[in-house]
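Visitor: Under my numbering, read the sequence shown as residues 21 to 828, first letter to last.
Even glycine gets a Cβ: it sits at the ideal position worked out from N, Cα and C.
Quantities reported herein were computed from a predicted structural model and do not represent experimental measurements.
Can you read through this structure? Questions will come right after.
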Amino acid sequence: MSDISSESYNESDIKILKGLEAVKKRPGMYIGDTEDGSGLHHMVQELVDNAIDEALAGYCSEISVVIHATNGVTVTDNGRGIPVGIHEEAGVSAAEVIMTTLHAGGKFDSSSYKVSGGLHGVGLSVVNALSSYFRLTIRRDGKVYEQIYRNGVPHAPLAEVGQTESRGTTCYFEPATSVFKTVEFSYEQLSTKLRELAFLNSGLCLKIVDERKDTSETYQFEGGLVSYVKLLNRNKSSLHDVIHILDPADIGVEIAMQWTESYVENVRVYCNNIRQPDGGTHLGGFRAALTRILNSYIEQEGLTSKGNVPTTGDDAREGLTAIVSVKLPDPKFSSQTKEKLVSSEAGPAVQTAMTEQFKTYLQEHPNEAKRIAQRMIDAARAREAARKAREITRRKGLLDISGLPGKLADCQERDPAFSELYLVEGDSAGGSAKQGRDRKTQAVLPLRGKIINVEKSRVDKMLSNKEIITLITALGCGFGAGSNGEGFDAEKLRYHRIIIMTDADIDGSHIRTLLLTFFYRHMPQLIDRGHVYIALPPLYKVGQGRSEQYLKDDDELNLYYLRTAFDGVLIFPSSESPPLGEGPITQLAQNYFDVYKRLDAMNRVYPKFVTKKLFDLPILDADNMGDREFMEDWGQQLETMLATEEGKHRVEIVFEPEHSSYIPIIHQTSRGAQTKIELDMNFFESGIYDSIREIAKKTKGLFDNGAYVKQDKSETQIGTFGEAYDWLLEKARNGVRLQRYKGLGEMNPEQLWDTTMDPNVRRMSKVSVDDANTADELFSTLMGVDVEARKEFIQENALSISLANLDV
């Protein structure tokens, strides 16, 4: 016992995290991963789930989500509105209690919500805790109430700010950059979620707007789950009409399912409108009932014959698309993120509904029943045929690693954890990679020509493709994508990093897609385990004089320009004063760079030629924005500053009743076209304007008449720091040699090592599947047999392509 540390451990070491401190300390416990984007989007989901609960209770018919140019999100519903009265125990408004207290809400009392997705009373408070800015607006009893929070702390008590004839709750929040690695919201991800909810809640209207791209969608479906299954199978050949099972008992069960000619299972499960990607008891009940009922039908109808392969659950679900939705009064999940249902009563409820109604369907639809049963039998035969094909291939020695002379340049390391395999395009790229690699840990496998598209091929045809055999052999782990992973052995994988390294042209993109299709369909375990990567060579090479360096993307290029622009610069606040110190200049330059980057992202909604002027205008706040005379003078100053821009500009100050404030509207006339630009309260209450305020405080009164900036032998007069920033940056851009790379073939072996293969400096993107069903739909569309669906997809997404990245 003498080795035990002498440091004391007593009652003073026990820490109690009060209020929202626990959330800020361990955010992952409440919303999931804060680095990969899933936790970020879960913030929106929590707010939407609250609105959905209002809809389930019968008080809400419309929900909207708006992604703002400020990178904030607004979620609005037309429900009853959060209660605003003073809470007896807390002594503050009920709304503030819900916003600042964990496990506070109306879901604990079944008289308020009979069925709900929010169970623990932590959703709204967690979003507030992890937001740098949160504005809560409540419309209730003819009045508008508002409260603002910064980093989870109320700025002031809930206050009445206006009158209204509508009702409901609006939540606007900006996620804290100190918590999340990225705060970029995905319109596609949120849109998919809302569409999903519209299917699950027949008749409910859900809208999403992305102000960054001027994109919007409205979802409202009367067909419910049946329409959902039809949508998921729209690019596939179906065997029958959608089967619909509905059991509105105490535990409500609804199921829609349909088999297709696809080889992939696509089953989604939900509890109280919340999807469980990790399944749970309802999924277990569905699978057990489905397998039992179909096996029983096959036996009763005498469809089995001597020599038939026994059918399994995997065979029953091959090609099946199904939605299973249960409604529970008090569901139990494995965590706050609700990714797995653990309520024991859900499984039997689903099994009962399936037993009663699916068995009846099979009896009443004999033709469809026989097609479904034959589909299951064919799947079992195909599974057995694939097993035999693997055995034949092994016996012929085609999967023996010794059969790869001249192709695989293997590494010396024998521990898979320290070994990497680069899959490269053709012999020429393979030659450079072989010369530039680290022979100890890096193997290189050149693939000659394009590999077979496995989305259109059965296993036996796939195994006749030479490049596929080469790849399977090199990896050494076999293949197989069933739930039991038959044929795949992770312990035999020879490399724990499989890196796809192709050119950034059409051919390279196609080969990369074919490889990803193969891994997703036949070795999904490699993706699930995080073994598959895509090499990301640098996009640019820049140089000044004799020095050169590689830059990975546009962000690094802009940072390079910034450093170059302010290297050796002198800024004189007046003609008589000494230059500013290097520290303040560097800090101001970085502040401008960060804010300008965000203003660029907002440019479509809030044009940058306007927002740039705000650095040098009087700072606005809630008090002076309520003063009409002050705002009229502010507007005149802005109009004067805009006189230097192209076209004519008139600034109008208008009253905004919901916030009792005056806001500016800029009327622009340029080349005969008229445009109205509104700087609304969403902008002035956003984090980006907070940043502008801070910079404006630092630069106010900094420059007098005669101020100028000097670099080397060049100098120019300035009136603001922004003018100096713009002049220096333009000067830097003109003095730099810039080369943009498109392919690996432009690099020699040394450059390839320095930029793409050296573990100390290279960049790689790990391949992951956040939503397996969305991935399945995408692979089916892009690589499947339906040409019309592929054409439609390309037409819909053509405008999303950046011309700078288009290979023509």
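Specify, as a first and last residue, the run of the beta strand (DSSP E) that W3 falls within.
Guide: A question about residue 3 goes unanswered here, because the residues of the chain that appear run from 21 up to 828.
Visitor: Provide the residue span of the alpha helix (DSSP H) that contains S58, from first to last.
Guide: Locating residue 58 in the sequence shown gives position 38, where the first residue counts as 1. Residues S58 to L76.
Visitor: Among the residues of its own chain, which have a CB less than 7 Å from the CB of T311, if the five just before and after it don't count?
Guide: Sequence index remark: in the sequence shown, residue 311 carries index 291 (1-based). Cβ within range, chain order: G333 and A336.
Visitor: Which runs of the beta strand (DSSP E) fall wholly inside the region 668-737 and span at least 3 residues, in chain order?
Guide: Whole beta strand (DSSP E) segments, 3+ residues: 668-676, 681-690, 693-698, 728-731 and 734-737.
Visitor: Examine the Cβ distances between the region 270-282 and the region 369-376 and report whether three or more of them are shorter than 8 Å.
Guide: In short, these stretches touch, since the Cβ pair count reaches three.
Visitor: Would Q183 be called buried (16 or more neighbouring beta carbons within 10 Å of its own) or exposed?
Guide: The residue labelled residue 183 in the question sits at position 163 within the sequence shown. Exposed is the call here.
Visitor: In terms of DSSP beta bridges, what is F353 paired with?
Guide: One-based indexing of the sequence shown puts residue 353 at position 333. L361, per the DSSP bridge assignment.
Visitor: If you run the structure through DSSP and keep just helix, strand and coil, what is T375?
Guide: In the sequence shown, the residue the question calls residue 375 occupies position 355. DSSP places T375 in helix when its eight states are reduced to three.
Visitor: Based on DSSP bridge pairs, tell me the residues matched to F193.
Guide: For the purposes of this step, residue 193 is taken as residue 173 along the sequence shown, with counting starting at 1. Partner(s): V93 and F154.
Visitor: So, is the C-beta of S151 closer than 8 Å to a C-beta in chain C?
Guide: Chain labels in this structure do not include chain C; a single protein chain is all it has.
Visitor: If you run the structure through DSSP and keep just helix, strand and coil, what is S25?
Guide: Taking the first residue of the sequence shown as 1, we reach residue 25 at position 5. With a pLDDT of only 42 at S25, under 50, the local geometry of the prediction cannot be trusted, and the value read off the model is given with reservation. In the structure shown, S25 sits in coil (DSSP, three-state: anything other than H, G, I, E or B).
Visitor: Buried or exposed: which applies to F675, given that a residue is buried once 16 or more other Cβ atoms fall within 10 Å of its Cβ?
Guide: Working through the sequence shown from its first residue, we reach residue 675 at position 655. Answer is exposed; the Cβ neighbour count stays below 16.
Visitor: Skipping 5 residues on each side, what residues in its chain have a beta carbon closer than 6 Å to that of K306?
Guide: For the purposes of this step, residue 306 is taken as the residue at position 286 of the sequence shown. The displayed chain sequence assigns Phe, not Lys, to residue 306. Same-chain partners within the cutoff: V344 and V370.
Visitor: Helix, strand or coil for N485 per DSSP?
Guide: Here the question's residue 485 lines up with position 465 in the sequence shown. DSSP places N485 in coil when its eight states are reduced to three.
Visitor: Three-state secondary structure (DSSP) at A429?
Guide: Against the sequence shown, residue 429 aligns to sequence position 409. It is a strand residue.
Visitor: Can you give, in chain order, each stretch of the beta strand (DSSP E) that sits fully within the region 257-341 and has at least 3 residues?
Guide: Here the runs fully enclosed are 263-268, 272-279 and 286-291.
Visitor: Out of curiosity, what's the CA-to-CA distance linking M651 and S152?
Guide: The residue you call residue 651 lines up with position 631 of the sequence shown. The residue you call residue 152 lines up with position 132 of the sequence shown. Taking the straight line joining both Cα atoms gives about 27 Å.
Visitor: Does G565 pass the burial test, meaning 16 or more other C-beta atoms within 10 Å, or should it be called exposed?
Guide: Along the sequence shown, read from residue 1 onward, the residue named residue 565 stands at position 545. Exposed, since its Cβ has fewer than 16 Cβ neighbours within 10 Å.
Visitor: Closest by CA to D398, which one among V287, E281, S477 and S257?
Guide: Along the sequence shown, read from residue 1 onward, the residue named residue 398 stands at position 378. Cα-wise, what sits closest to D398 is E281.
Visitor: To the nearest angstrom, how far is the alpha carbon of S594 from that of V203?
Guide: For the purposes of this step, residue 594 is taken as the residue at position 574 of the sequence shown. For the purposes of this step, residue 203 is taken as the residue at position 183 of the sequence shown. Approximately 40 Å between the Cα atoms of the pair.
Visitor: Under 8 Å, with one C-beta from each stretch per pair, do the region 630-637 and the region 657-664 reach the 3-pair mark?
Guide: Result yes; three or more Cβ-Cβ pairs closer than 8 Å.
Visitor: Drop a sphere of 10 angstroms on the beta-carbon of G300, count the other beta-carbons inside from all chains shown, and report buried for 16 or more, exposed for fewer.
Guide: Reading the sequence shown from its first residue, position 280 is the one you call residue 300. Buried, because 16 or more other Cβ atoms sit within 10 Å of the Cβ of G300.
Visitor: Under 8 Å, do I519 and Y553 count as touching if we go by C-beta distance?
Guide: Here residue 519 is taken as the residue at index 499 of the sequence shown, counted from 1. Here residue 553 is taken as the residue at index 533 of the sequence shown, counted from 1. Yes, Cβ-Cβ distance for I519 and Y553 is below 8 Å.
Visitor: Measuring straight from C-alpha to C-alpha, what distance separates G15 and T90?
Guide: Given that the chain is displayed from residue 21 to residue 828, the structure contains no residue 15 and the question cannot be resolved.
Visitor: Per the contact definition of three or more C-beta pairs closer than 8 Å, is the region 435-454 in contact with the region 521-538?
Guide: Yes: the two stretches touch, three or more of their Cβ pairs being nearer than 8 Å.
Visitor: Rounded to whole angstroms, what's the CA-CA distance from T120 to V43? Just pull it up for me.
Guide: Looking up residue 120 in the sequence shown gives position 100. Looking up residue 43 in the sequence shown gives position 23. Answer to the nearest angstrom: the Cα atoms are 11 Å apart.
Visitor: Using three-state DSSP, classify Q240 as helix, strand or coil.
Guide: Counting from 1 along the sequence shown, the entry for residue 240 is found at position 220. Reduced to three states, the DSSP call for Q240 is coil.
Visitor: Where does S211 sit, in a helix, a strand or coil, going by DSSP?
Guide: The residue you call residue 211 lines up with position 191 of the sequence shown. S211: helix per DSSP, three-state reduction.
Visitor: Label L438 either buried or exposed according to how many other C-beta atoms from any shown protein chain fall within 10 Å of its C-beta, with 16 as the threshold for buried.
Guide: Here the question's residue 438 lines up with position 418 in the sequence shown. The sequence given here places Phe at residue 438; Leu does not occur at that position. Exposed, by the Cβ-count rule.
Visitor: With DSSP as the reference, identify every bridge partner of K109, one or two as the case may be.
Guide: The residue labelled residue 109 in the question sits at position 89 within the sequence shown. It is worth fixing the name first, because residue 109 is Glu in this sequence and not Lys. None, per the DSSP bridge assignment.
Visitor: Just verifying my parser: in three-state terms, what is the DSSP assignment at R782?
Guide: Along the sequence shown, one-based indexing puts residue 782 at 762. Coil, per DSSP.
Visitor: Under 7 Å Cβ to Cβ from K696, same chain only, skipping five residues before and after it: list those, please.
Guide: One-based indexing of the sequence shown puts residue 696 at position 676. The answer, listed in chain order, is I685 and H687.
Visitor: Just to confirm the assignment: which complete beta strand (DSSP E) runs, minimum length 3, are found wholly within the region 158-189?
Guide: Entirely contained in the region 158-189, the beta strand (DSSP E) runs reaching 3 residues are, in chain order, 163-170 and 179-183.
Visitor: Which residues bound the alpha helix (DSSP H) around A510?
Guide: To locate residue 510, count along the sequence shown from 1; it is residue 490. Element bounds for A510: n/a, residue is neither H nor E.
Visitor: On the DSSP bridge list, what partners appear for T606?
Guide: Counting from 1 along the sequence shown, the entry for residue 606 is found at position 586. Looking at the DSSP assignment, T606 forms no beta bridge with any residue, so it has no partner.
Visitor: Measuring straight from C-alpha to C-alpha, what distance separates G126 and A77?
Guide: Position 106 of the sequence shown, counting from 1, holds the residue named residue 126. Position 57 of the sequence shown, counting from 1, holds the residue named residue 77. In this prediction, G126 scores a pLDDT of 48, lower than 50, which makes its location untrustworthy; no coordinate-derived value is stated.
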